[in-house]
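Encoded as structure tokens, the structure appears first; notes follow it.
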Ligand code: DLZ
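In the numbering used here, the protein residues as written are 290 to 448.
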């Protein structure tokens, strides 16, 4: 089994359809870059391990997680994109900025999926510390990027 899939439980990968023809957009937030690059690697490798073609995976960078919704919308509105994966990391600071970004981001990403009627996956870590984020970006708690990619593929298999 490919390395990227070892971290995923069987129920996250069972019943998936052939996705060799499917096209994926991955929107990556540049804030907390060390974390989001690790999420991207996980998502990309998992898509490949599940049967996606390299040429069918397109990446778009946005400045921060707040901008993920608009980036996702630009991807989702394209007829050639079947599913969008958003990747970000919001770390709690001393102000309420955290709450506003997390809420706007979660609501916005949900709306894009419903508006364009295609999977738009929420691969955004919301943690108190950088360490908690790294633990979930290829560390001891796995990689949320892997999970986001598997979820996108699973959603394409549901419909
Ligand atoms: C401003 C800001 C702060 C304080 N923290 C984060 C963060 O932890 N993670 C993240 O992805 N983005 C952060 N940002 C940037 C916002 O997402 C956004 O880019 C700016 O508010 C500009 O709209």
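Just so you know, even glycine gets a beta-carbon here, dropped at the ideal spot from N, CA and C.
Under the rule that 16 or more other beta-carbon atoms within 10 Å means buried, what is residue i, buried or exposed?
| i | result |
| --- | --- |
| residue 328 | buried |
| residue 409 | buried |
| residue 435 | buried |
| residue 356 | buried |
| residue 399 | exposed |
| residue 336 | buried |
| residue 368 | exposed |
| residue 354 | buried |
| residue 290 | Caution applies to residue 290, whose pLDDT of 47 falls short of 50 and renders its modelled position unreliable; the model cannot decide the point. |
| residue 373 | buried |
| residue 447 | exposed |
| residue 427 | buried |
Quick one: what does DSSP say residue i is sitting in, helix, strand or coil?
| i | result |
| --- | --- |
| residue 414 | strand |
| residue 396 | helix |
| residue 380 | strand |
| residue 431 | strand |
| residue 309 | coil |
| residue 337 | helix |
| residue 370 | coil |
| residue 436 | helix |
Pick from the options: whose alpha carbon is nearest that of residue i?
| i | options | result |
| --- | --- | --- |
| residue 394 | 330, 376, 337 | 376 |
| residue 338 | 433, 309, 389 | 309 |
| residue 432 | 409, 378, 403 | 378 |
| residue 313 | 391, 353, 349 | 349 |
| residue 455 | 305, 405, 383, 411 | Nothing can be reported for residue 455, as the shown portion of the chain is limited to 290 through 448. |
| residue 331 | 446, 440, 448, 306 | 440 |
| residue 405 | 307, 345, 358 | 358 |
| residue 425 | 323, 311, 306 | 323 |
| residue 397 | 365, 421, 437, 381 | 365 |
Bridge partners of residue i, per DSSP?
| i | result |
| --- | --- |
| residue 444 | According to DSSP, which records beta bridges pairwise, residue 444 is partnered with nothing at all. |
| residue 318 | 351 |
| residue 375 | 316, 411 |
Could you check if residue i belongs to the surroundings of the ligand DLZ, using beta carbon to heavy atom distance under 8 Å?
| i | result |
| --- | --- |
| residue 353 | yes |
| residue 401 | no |
| residue 417 | no |
| residue 430 | no |
| residue 317 | no |
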